[in-house]
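Respectively, the protein sequence lines represent chains A and B.
Its first residue numbered 1, the first sequence is counted upward by one per residue in UniProt numbering.
Its first residue numbered 1, the second sequence is counted upward by one per residue in UniProt numbering.
Positions of the beta carbon are idealized from the N, C-alpha and C atoms, including for glycine.
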Amino acid sequence: MEKALIVSEIVKKIRGKEVLKNVSFEVEKGQLLVLLGPPGSGKTTLLKIIAGLEKQDSGSIYINGVRVDETPPYERKVSMVFETLALYSHMTVYENIASPMVAEKKPKDFIDKRVREIAGILRIEHLLDRRADKLSGGERQRVAVARALAKEAEIYLLDEPFSNLDAKIRYALRTEFKKLKTILGKTLVLATSDPLDALALGDAVVFIEKGEVVQRSTPVELYYKPSRLDIARYLTGKILNEVIVKKKAEGGKTVIMSELDIAISESVLRDLQEIPAENIVLASHPDTAIIEKSVENCDGLKLKGRFLGYEYRGSEFLVFAEYKNHLFKALKYEKPLIDFNEPVEVCISREGLNFYNLDTGALVR
Amino acid sequence: MRDYRRETRVYKIRKYLKLGILITIVVIYLLPIYGMFNLAFRPRAEMFTGFFVITQPTLENFVEAYEYGAYSAIVNSAIITAGGVGLALALAVLASYAFSRFKVKGKNLLMFYILSTRMMPPITLIIPIFIMYYTVGLKGTYLGLILVYGMMALPLSVWMTKSFIDDVPKDIDEAAMIDGHSTMYILFKIVLPMVIPGIAASAAFAAITIWNEFLFALLLSGIDTKPTSVLLSSIRGERGFNWGRVAAIEVIYIIPIIILVFWLQKHMLRGLTFGTVRR
């Protein structure tokens with residue numbers, strides 16, 4: 001597959017502090033790559049370096065196979081949607097969208113046709129005569145995307161395009177964006193701190209933390225096999241199920257111990273024996289856990305706890321159980337018919353279990 | 001038990017006391033202005049009879065002011081002020097954009113230096129400037145006055161304009177750069193229209209400074225370029241001092257500034273707090 005963008009060993013220091021540490025990744029033509037990471041991880045700086053707005057201390061950027069390190073932003077064939085949207089507030093929506101074409105000195109007829117075409121795609125034709133500072137949050141977002149699309153670029157960079165929007169508009173725009181991506185078939189790099197954006201939109205995801213690429217994978221792989229415990233926690237918010245176990249050699253045998261009174265299935269025990277680490281965190285998503293009055297045939301971890309309640313999440317229920325001050329969570333599609341504080345059994349299936357080294361945080365199985 | 005009735009009474013007394021003090025202060029400040037307007041419309045015969053009431057208001061003082069050359073002095077003031085403000089802002093906009101957006105070595109030191117020139121007592125400069133102007137033939141010309149006033153208004157204009165430009169996110173410039181626009185296009189077509197209220201406030205402050213200036217005007221203006229401030233200082237009547245005429249000229253002199261301040265008061269307030277308020 002042809003590479004639209006190659007980011008090679010980028011290092012950037014700001015006031016002596018290394019904000020990007022040897023960052024490398026590639027984006028294939030027509031692909032949507034998501035740069036995911038917590039705020040302050042260096043995503044925006046990286047996008048600005050790709051766009052040519054900031055200069056890296058070392059490393060190179062290749063666009064369509066051409067090295068562009070010394071090329072000014074307007075010659076890079078890159079377009080960008082800024083986190084702040086950066087709309088020209090004193091201009092109309094029409095003038096905002098037309099801006100890149102005005103800069104390219106395109107004929108008026110061409111500009112008019114293209115502005116209306118893009119406005120049609122983004123469903124903002126009715127706003128063309130309105131001033132940019134008289135728009136709502138969602139409308140502003142659409143205009144910013146429209147302006148970026150008006151430039152004929154090879155790569156479109158989007159910095160937190162859905163931030164500062166309420167959940168409803170965010171969801172609607174995300175769905176629309178997915179459609180738009182299919183229609184346009186352009187190469188896109190989207191930076192976000194919201195795992196949902198990455199999982200919903202990305203063809204590939206690069207996870208960045210403290211200026212370092214920690215994982216590059218597909219969204220599904222990232223969600224179910226995060227390479228580090230902190231990524232797993234970041235991706236699920238605070239609803240990851242975690243159990244710590246310790247391995248000890250006693251009389252020529254390896255003994256598995258846990259602070260919790262847990263029944264560990266034979267298969268998981270075998271897995272634990274094979275892992276070359278002593279302190280291990282077993283982590284799983286709530287969708288691979290069950291909380292019921294009683295659970296038969298549990299291949300994984302099983303423990304007894306007390307029912308704490310549930311949270312209705314629109315299409316599913318997040319169920320909580322407590323055991324020795326540890327909170328366990330499971331996703332359920334029917335309303336749980338269990339009373340508060342009633343004894344329950346928790347089963348975390350082996351299929352969804354990831355094994356992390358407690359000391360390094362790295363995925364070991 | 002709390003005596004709410006007493007507390008309400010105390011609160012009301014305090015409120016009216018504060019209001020009374022405020023009204024007194026306002027009256028003290030407005031009284032001279034009232035006196036000026038009052039004298040301007042008062043016939044000469046009634047000049048010193050009673051202060052508050054005019055029995056027969058007249059425009060004769062304004063006619064006399066016209067005959068004395070007040071209107072051409074006002075035009076001179078307007079030309080010099082417009083020129084000085086224009087020059088100061090043209091330079092201030094370019095300088096403040098550079099200070100706000102580009103990496104300038106010793107930026108803070110330079111900004112401080114610019115402001116420090118404002119702290120220098122103007123009288124220390126008057127002799128060298130006078131000799132210089134006399135030598136090159138700028139004394140008594142509009143250009144000479146515009147140049148000196150432009151320089152005088154420049155430091156504050158740079159500081160104020162920069163604070164307004166700082167408020168425009170850098171992303172705006174970067175978006176325009178990616179669009180493919182030149183630096184000058186970005187400054188004049190994108191950033192500047194966004195800070196028009198700020199520019200207006202800077203212009204207002206510069207205009208007030210220049211409009212009210214007396215010392216440089218006295219020494220550097222000529223017969224044809226004499227502004228109102230100089231004219232006012234040189235008024236003599238054939239039959240003693242004509243207070244009515246002086247007041248009429250003052251009224252004409254003060255009205256443009258009052259209009260300007262009322263028109264731009266919101267932006268000027270923001271300008272006064274530059275550096276302390278961030279939007």
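Buried or exposed for residue i, please, with buried defined as at least 16 other CB atoms from any protein chain shown within 10 angstroms of its CB.
i, result
"residue 296 of chain A", "exposed"
"residue 122 of chain A", "buried"
"residue 170 of chain A", "buried"
"residue 280 of chain B", "Outside the modelled stretch of chain B, which goes from 1 to 279, sits residue 280 of chain B, for which no answer is possible."
"residue 362 of chain A", "exposed"
"residue 12 of chain A", "buried"
"residue 220 of chain A", "exposed"
"residue 115 of chain B", "exposed"
"residue 19 of chain A", "buried"
"residue 97 of chain B", "buried"
"residue 168 of chain A", "exposed"
"residue 49 of chain B", "exposed"
"residue 279 of chain B", "In this predicted model, residue 279 of chain B has a pLDDT of only 40, less than 50, meaning its place in the structure is not dependable; the value taken from the coordinates is given anyway. Its Cβ having fewer than 16 others within 10 Å, residue 279 of chain B is exposed."
"residue 252 of chain B", "buried"
"residue 172 of chain A", "exposed"
"residue 195 of chain A", "buried"
"residue 3 of chain B", "exposed"
"residue 141 of chain A", "buried"
"residue 102 of chain B", "exposed"
"residue 268 of chain B", "buried"
On a Cα-Cα basis, can you pick out the residue from the options that is closest to residue i?
i, options, result
"residue 24 of chain A", "A:212, A:355, A:241 and A:237", "A:212"
"residue 5 of chain A", "A:186, A:17 and A:177", "A:186"
"residue 229 of chain B", "B:222, B:223 and B:213", "B:213"
"residue 380 of chain A", "A:49, A:285 and A:73", "A question about residue 380 of chain A goes unanswered here, because the residues of chain A that appear run from 1 up to 365."
"residue 279 of chain A", "A:258, A:10 and A:179", "A:258"
"residue 2 of chain A", "A:9, A:309, A:29 and A:19", "A:29"
"residue 234 of chain A", "A:32, A:41, A:141 and A:21", "A:41"
"residue 181 of chain B", "A:270, A:22 and A:105", "A:105"
"residue 210 of chain A", "A:68, A:46, A:335 and A:71", "A:46"
"residue 32 of chain A", "A:142, A:217, A:98 and A:38", "A:217"
"residue 254 of chain B", "B:16, B:73 and B:12", "B:73"
"residue 82 of chain B", "B:44, B:145 and B:224", "B:145"
"residue 250 of chain B", "B:66, B:118 and B:162", "B:66"
"residue 53 of chain B", "B:94, B:34 and B:233", "B:34"
"residue 133 of chain B", "B:222, B:7 and B:241", "B:222"
"residue 220 of chain B", "B:23, B:99 and B:125", "B:125"
"residue 163 of chain B", "B:172, B:195 and B:136", "B:195"
"residue 294 of chain A", "A:255, A:345 and A:307", "A:345"
"residue 78 of chain B", "B:247, B:269, B:95 and B:227", "B:227"
"residue 349 of chain A", "A:358, A:241 and A:255", "A:241"
*asked:* Count Cβ pairs between the region 83 to 90 of chain B and the region 153 to 163 of chain B that sit closer than 8 Å; are there 3 or more?
replied: These segments touch.
Identify each residue in the region 162 to 174 of chain B for which the Cβ-Cβ distance to at least one residue of chain A is less than 7 Å, and report them in chain order.
Taking 7 Å as the Cβ-Cβ cut-off against chain A, the residues of the region 162 to 174 of chain B that qualify are 169, 171, 172 and 174.
Against chain B, which members of the region 185 to 196 of chain A pass a CB distance test of less than 9 Å?
Listed by position, the residues of the region 185 to 196 of chain A near chain B (Cβ gap below 9 Å) amount to none.
*asked:* Taking contact to mean 3 or more Cβ pairs, one atom from each stretch, closer than 8 Å, check whether the region 125 to 138 of chain A and the region 52 to 66 of chain A are in contact.
replied: Touching, no, given that fewer than three Cβ pairs across the two stretches are closer than 8 Å.
### Query
Do three or more CB pairs link the region 324 to 331 of chain A to the region 278 to 298 of chain A at distances below 8 Å?
Contact holds: three or more Cβ-Cβ distances are below 8 Å.
Next on the checklist: For the region 177 to 195 of chain B, list every residue whose C-beta sits within 7 Å of some C-beta in chain A, in sequence order.
Outcome noted: Against chain A - using a Cβ distance shorter than 7 Å - the residues of the region 177 to 195 of chain B are 177, 178, 179, 180, 181, 190, 193 and 194.
Is the region 117 to 127 of chain A in contact with the region 84 to 97 of chain A, if contact means three or more CB pairs nearer than 8 Å?
-> Touching, yes.
*asked:* In chain order, what are the residue ranges of uninterrupted beta strand (DSSP E) at least 3 long that sit wholly in the region 258 to 284 of chain A?
replied: List check, beta strand (DSSP E) in window: 279 to 284.
Give a yes or no on contact between the region 251 to 271 of chain A and the region 216 to 236 of chain A, applying the rule of three or more CB pairs nearer than 8 Å. Short answer: they don't touch.
With three or more C-beta pairs closer than 8 Å as the rule, is the region 109 to 117 of chain B touching the region 191 to 200 of chain B?
Note that the region 191 to 200 of chain B does not touch the region 109 to 117 of chain B; fewer than 3 beta-carbon pairs, one per stretch, sit closer than 8 Å.
(Q) So if I threshold CB-CB distances at 8 Å, which residues from the region 138 to 167 of chain A count as touching chain B? (A) If you check each beta-carbon in the region 138 to 167 of chain A against every beta-carbon of chain B, the ones closer than 8 Å belong to 147 and 151.
Below 8 Å, can you find three or more Cβ-Cβ pairs linking the region 274 to 283 of chain A to the region 315 to 322 of chain A?
Three or more beta-carbon pairs separated by less than 8 Å are not found between the region 274 to 283 of chain A and the region 315 to 322 of chain A, which leaves the two stretches without contact.
Beta strand (DSSP E) segments (min. 3 residues) lying fully within the region 36 to 107 of chain A
Unbroken beta strand (DSSP E) stretches of 3 residues or longer found wholly inside the region 36 to 107 of chain A: 58 to 63 and 78 to 81, given in chain order.
So does the region 173 to 182 of chain B actually touch the region 256 to 263 of chain B, counting three or more Cβ pairs closer than 8 Å? No, because fewer than three Cβ pairs between the region 173 to 182 of chain B and the region 256 to 263 of chain B fall closer than 8 Å, the two stretches do not touch.
Q) Using 8 Å as the Cβ pair cut-off and three pairs as the minimum, do the region 142 to 155 of chain A and the region 68 to 85 of chain A touch? A) Taking 8 Å as the limit for Cβ pairs, the verdict is that the region 68 to 85 of chain A does touch the region 142 to 155 of chain A.
| said: For the region 93 to 127 of chain A, list every residue whose C-beta sits within 7 Å of some C-beta in chain B, in sequence order. | reply: Only those residues of the region 93 to 127 of chain A whose C-beta falls short of 7 Å from the nearest C-beta of chain B are listed: 99, 100, 103 and 104.
Review point. Which residues, in order along the region 53 to 71 of chain A, keep a beta-carbon less than 8 Å from a beta-carbon of chain B?
Key: Within the region 53 to 71 of chain A, the qualifying residues are 53.
query: Of all the residues that make up the region 5 to 38 of chain A, which are near chain D by a beta-carbon distance shorter than 8 Å?
result: The chain labelled as chain D is not found among the protein chains of the depicted structure, namely A and B.
Cβ pair count under 8 Å reaching 3, the region 199 to 211 of chain A against the region 338 to 348 of chain A = No: the two stretches stay apart, fewer than three of their Cβ pairs being nearer than 8 Å.
ask   = Using 8 Å as the Cβ pair cut-off and three pairs as the minimum, do the region 144 to 151 of chain B and the region 215 to 231 of chain B touch?
value = Yes, the region 144 to 151 of chain B touches the region 215 to 231 of chain B.
Between the region 174 to 192 of chain A and the region 152 to 159 of chain A, are three or more C-beta pairs nearer than 8 Å?
The way I'd put it, the region 174 to 192 of chain A does touch the region 152 to 159 of chain A; three or more beta-carbon pairs between them come closer than 8 Å.
Quiz item: What are the uninterrupted segments assigned as alpha helix (DSSP H) that are 4 or more residues long and contained completely in the region 76 to 148 of chain B, given in chain order?
Solution: Listed in chain order, they are 107 to 119 and 123 to 136.
### Task
Taking only runs that begin and end inside the region 178 to 227 of chain A, name each unbroken beta strand (DSSP E) of 3 or more residues, in chain order.
Runs found: 187 to 192, 204 to 209 and 212 to 217.
Review point. Enumerated in chain order, which unbroken segments of the beta strand (DSSP E) with a length of 3 residues or greater are wholly contained in the region 327 to 356 of chain A?
Key: Given a length threshold of 3 residues, each whole run of the beta strand (DSSP E) inside the region 327 to 356 of chain A is given here in chain order: 343 to 349.
- Length-filtered (4 minimum) alpha helix (DSSP H) runs lying within the region 4 to 91 of chain B: Listed in chain order, they are 4 to 40 and 60 to 67.
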